[in-house]
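As numbered in our numbering, residues 9 to 202 make up the sequence shown, in order. Ideal Cβ placement from N, Cα and C applies to all residues, glycine included. Let me begin by presenting the structure, written as structure tokens, before commenting on it.
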Amino acid sequence: MPRDPTDILTPQGKLQDIMRRPNLDVVMNLFRIPRAFAVSGFGDWDVGQHSFCVAFLGLYWATFHGYDAPRRDRLIVMGLTHDLHESATGDILPALKSPELRARLDEIQGRFLQGLEVTPDAALAADLKALDRIAFLYEIRCAAVRDGQQRARLARFFDEQRAMLMEFCAAQGFAGVDTFLRDMGIVGLQERQE
9 MPRDPTDILT PQGKLQDIMR RPNLDVVMNL FRIPRAFAVS GFGDWDVGQH SFCVAFLGLY
69 WATFHGYDAP RRDRLIVMGL THDLHESATG DILPALKSPE LRARLDEIQG RFLQGLEVTP
129 DAALAADLKA LDRIAFLYEI RCAAVRDGQQ RARLARFFDE QRAMLMEFCA AQGFAGVDTF
189 LRDMGIVGLQ ERQE
């Protein structure tokens with residue numbers, strides 16, 4: 009018989025109970041969960057920093073694209089809460105997420121959002137995915153600034169991730185992404201040295 013993924017004891021109590029009404033301890037736990045990229049030896053970001061970065065980028069993105077205030081606010085809330093499940097599960101590399109695991113993580117995420125009375129806006133899902141990737145580019149850039157020995161390797165990784173972002177944004181019809189990245193100071197590591 010499959011085990012209920014919410015039948016897990018956390019420092020705040022049983023996951024199935026705290027998901028119904030996430031308390032501040034659960035939410036702030038995001039700032040104690042290291043990003044998988046950091047665990048892999050690059051940088052020192054945690055999930056809370058990443059989520060906060062996605063939300064702030066959402067603020068700039070909404071202005072850049074001329075979104076009205078309600079749409080901007082929904083995007084910012086989505087950015088803040090998009091990885092809330094990781095307060096219980098930790099950050100897991102995308103390559104390790106099987107379809108079954110992804111479904112369980114989505115279920116946990118959905119329950120957390122219900123507990124906070126947050127309803128994701130499906131019309132902003134592509135924006136959120138772009139912002140998630142842009143925040144990761146910023147994280148890579150920050151790691152390269154701190155770790156000169158890994159700079160060349162991180163520069164290649166940055167360029168690969170940037171190409172994937174640009175391909176995604178082109179497919180979604182997002183215009184001006186190069187300009188947005190420059191405005192945010194999220195440029196290639198070679199460009200940054202000049």
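For residue i, which beta-bridge partners are listed by DSSP?
i, result
"Pro42", "Asp54"
Assuming contact is defined by CB atoms lying nearer than 8 Å, are residue i and residue j in contact in what I supplied?
i, j, result
"Phe50", "Ala151", "yes"
"Leu32", "Val55", "no"
"Leu83", "Leu136", "yes"
"Gly184", "Arg28", "no"
"Leu92", "Leu121", "yes"
Short of 6 Å in beta carbon distance, which residues of its chain neighbour residue i, apart from the five on each side in sequence? Order them along the chain.
i, result
"Glu94", "Ile41 and Val55"
"Met36", "none"
Given residue i, which residues of its chain have a CB within under 7 Å of its CB, disregarding the five upstream and five downstream residues?
i, result
"Asp167", "Gly196"
"Val62", "Gly87, His90, Leu139, Asp140 and Ala143"
"Gln201", "Low confidence applies to Gln201: its pLDDT is 48, below 50, so where it sits in the model is not reliable, and the reading given next is rough at best. Closer than 7 Å at the Cβ level, and outside the excluded window around Gln201, lies no residue."
"Gly66", "Leu83, Ile84, Gly87 and Leu139"
"Asp52", "Ala46"
"Tyr68", "Met192"
"Cys177", "Ala138 and Val185"
"Ser59", "Leu38, Gly87, Leu88, His90 and Asp91"
Please work out which residues of its chain come closer than 8 Å, Cβ to Cβ, to residue i, disregarding the five sequence neighbours upstream and downstream, and give them in chain order.
i, result
"Ile194", "Ile142, Leu145, Tyr146 and Arg149"
"Leu113", "His93, Thr97, Ile100 and Lys105"
Could you check whether the Cβ of residue i sits closer than 7 Å to any heavy atom belonging to the ligand NAD?
i, result
"Leu88", "Ligands displayed in this structure: none; no statement on the ligand NAD is therefore possible."
Nearest chain D C-beta to residue i closer than 8 Å, yes or no?
i, result
"Leu189", "In summary, chain D is missing from the structure at hand, where a single protein chain is found."
Hey, is the segment 108 to 119 in contact with the segment 145 to 165, meaning 3+ C-beta pairs nearer than 8 Å? By the criterion of at least three beta-carbon pairs nearer than 8 Å, the segment 108 to 119 is not in contact with the segment 145 to 165.
Assess contact between the segment 118 to 133 and the segment 78 to 96, defined as three or more Cβ pairs (one per stretch) separated by less than 8 Å. Is contact present? Flag = yes, the segment 118 to 133 and the segment 78 to 96 touch.
As an exercise, report each continuous alpha helix (DSSP H) stretch of at least 4 residues that is fully enclosed by the segment 72 to 113, in chain order. Listed in chain order, the alpha helix (DSSP H) elements of length 4 or more contained wholly in the segment 72 to 113 are 77 to 89 and 94 to 97.
Evaluate the contact criterion for the segment 52 to 72 versus the segment 106 to 113: three or more CB pairs, one atom per stretch, below 8 Å. No, the segment 52 to 72 does not touch the segment 106 to 113.
Count the C-beta pairs between the segment 83 to 103 and the segment 38 to 51 that are closer than 8 Å, then say yes if the count reaches three, no if not. Below 8 Å, enough C-beta pairs join the segment 83 to 103 and the segment 38 to 51 to call them touching: three or more.
Which whole runs of the beta strand (DSSP E) in the segment 110 to 146 are 3 residues long or more, in chain order? Scanning the segment 110 to 146 for uninterrupted beta strand (DSSP E) segments of 3 residues or longer gives nothing; none is fully contained.
Can you check the segment 155 to 191 for any beta strand (DSSP E) of at least 3 residues that lies completely inside it and give the ranges in chain order? The beta strand (DSSP E) runs of length 3 or more contained entirely in the segment 155 to 191 do not exist; there are none.
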